[in-house]
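So the structure is just underneath, and the comments pick up after that.
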Amino acid sequence: MAKAYWVSAYRAIKDADKLAAYAQLAGPAITGGGGRFLARGLPAKVYEHGLAERTVLIEFDSVEQALAVHDSPAYQAALAALGDGAERDLRIIEGA
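Taking my numbering, the leading residue of the sequence shown gets 7, the next gets one more, and so forth.
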């Protein structure tokens with residue numbers, strides 16, 4: 007079974023307090039569901055049409071596991087805490 011990757015790019019952070027509240031809930035929800043944080047932060051360098059925005063990369067054992075974590079009550083509570091505090095682009099992709 008192919009691994010899956012959760013890629014989240016932060017287009018805009020509108021409320022740092024809401025983002026902090028989200029992080030307090032999201033981290034345990036993700037790691038508790040089997041997610042492994044591989045990278046998070048601003049890019050060291052961007053090329054072509056890349057944007058210098060915060061990006062988070064999380065590895066899961068499967069797409070099904072990643073989807074289950076996203077749809078879990080614990081992660082949904084984190085999203086509720088975030089509310090309109092950030093504008094993000096979140097993608098779950100299957101590994102090669």
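By construction, the Cβ of each residue, glycine as well, lies at the ideal position given by its N, Cα and C atoms. From a predicted model like this one, the values you see are computed outputs, not experimental measurements.
Asked: For ALA58 and HIS76, the rounded distance between their alpha carbons; Found: 25 Å
Asked: Sufficient close CB pairs (3 or more, under 8 Å) joining the stretch 50 to 57 to the stretch 31 to 41; Found: no
Asked: C-beta contact flag for ALA72 and ILE98 at 7 Å; Found: yes
Asked: For ARG17 and ASP95, believed in contact at Cβ under 8 Å, the rounded distance; Found: 6 Å
Asked: Contact test: ALA8 Cβ vs the ligand PLP heavy atom, cutoff 6 Å; Found: Inclusion of the ligand PLP in the displayed structure is not the case, the ligand content being empty and no account of it being possible.
Asked: CA-to-CA distance, GLU93 to ASP23, given in whole angstroms; Found: 14 Å
Asked: Anticipated Cβ contact below 8 Å, LEU48 with ALA84, distance rounded; Found: That belief does not hold up - the Cβ atoms of LEU48 and ALA84 are roughly 21 Å apart, past 8 Å.
Asked: Backbone secondary structure at ALA102 - three-state DSSP; Found: coil
Asked: Exposure of TYR26, with buried meaning 16 or more beta-carbon neighbours within 10 Å; Found: One point to set straight first is that residue 26 is Ala, not Tyr, in the sequence displayed. ALA26 should be labelled exposed.
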